[in-house]
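**Q** Residue numbers (our numbering), protein chains in the order written: chain A, 110 to 221; chain L, 4 to 115. Just so you know, even glycine gets a beta-carbon here, dropped at the ideal spot from N, CA and C. As the structure is a prediction and not an experimental result, all values here were calculated from the model. Below is one structure. I have some questions about it.
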């Protein structure tokens, strides 16, 4: 069965304290892996797409990496405004159509 | 561009009532989809459409209907609301199905 598991469920860091969020997956026919950020009461906001093992993408204090079994979202010297829930989603082919399967998210809190 | 818009923002229904959640996008995207988000469950795909006149079921389609008569609009209909449909509903769109999806702000639905 296809699964996307994110860990930890919640993470609390001090401002400037770097860390990583994990997204592990077991899916067949993976076409891409997406990272989204979701603020409370809002819709998910696109961050990155990764397509192949070894690929890396960066945006400000965030860097996403991909292996054959998992993806990491590295947060370097985070600021309070980085507090949000981070969602991982894998894209696969189901009955000839491309669909996203989401993980449950990691709720990140950055304390000043 | 307004992006993806959803109405209403909040709705309370009684069991058995019907209603339509509205979704519109002004980006000329071909692919549109509906998700529900429940605590601890992640986002789950309800229905999707790869273009006007074409719709298909996602993971959790029971109790919901969709239609796509124009590129811009993709309404979600609840035929006979049940408490199990209490959730936050998100509409999303993308240029084509395997591009990053842009999400609307969501509709918080409570069924009593």
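#1: Can you find a C-beta in chain A that's less than 8 Å from the C-beta of residue 76 (chain L)?
#2: What residue range does the beta strand (DSSP E) around residue 30 (chain L) cover?
#3: I'd like to know if residue 209 (chain A) contacts chain C, where contact means its C-beta is closer than 8 Å to some C-beta of that chain.
#4: Is there a Cβ from chain L that is less than 8 Å from the Cβ of residue 153 (chain A)?
#5: In chain order, what residues of the same chain have a beta carbon less than 6 Å from the beta carbon of residue 115 (chain L), not counting five sequence neighbours either side?
#6: According to the neighbour-count rule (16 or more other Cβ atoms, all chains shown, within 10 Å of its Cβ), is residue 86 (chain L) buried or exposed?
#7: Could you tell me the alpha carbon to alpha carbon distance between residue 134 (chain A) and residue 113 (chain A), rounded to whole angstroms?
#8: So residue 173 (chain A) is in the beta strand (DSSP E); what residue range does that whole segment cover?
#9: Between which two residues does the beta strand (DSSP E) holding residue 52 (chain L) run?
#10: Ordered along the chain, which non-local residues of its own chain (more than five positions away) have a Cβ less than 6 Å from that of residue 19 (chain L)?
#11: Are the beta-carbon atoms belonging to residue 10 (chain L) and residue 28 (chain L) less than 8 Å from one another?
#12: Does any C-beta atom of chain L lie closer than 8 Å to the C-beta of residue 146 (chain A)?
#13: Are the C-beta of residue 93 (chain A) and some C-beta of chain L separated by less than 8 Å?
**A** Per the coordinate set shown:
#1: Any Cβ of chain A closer than 8 Å to the Cβ of residue 76 (chain L) would place that residue at the interface, and such an atom is absent.
#2: Neither: residue 30 (chain L) is in no beta strand (DSSP E) and is coded neither H nor E.
#3: Here the protein chains are A and L, and chain C is not one of them.
#4: yes
#5: Answer for residue 115 (chain L): 17, listed in chain order.
#6: exposed
#7: 4 Å
#8: 171 to 175
#9: 45 to 54
#10: 83
#11: no
#12: no
#13: The requested residue 93 (chain A) is not part of the displayed model; chain A covers only 110 to 221.
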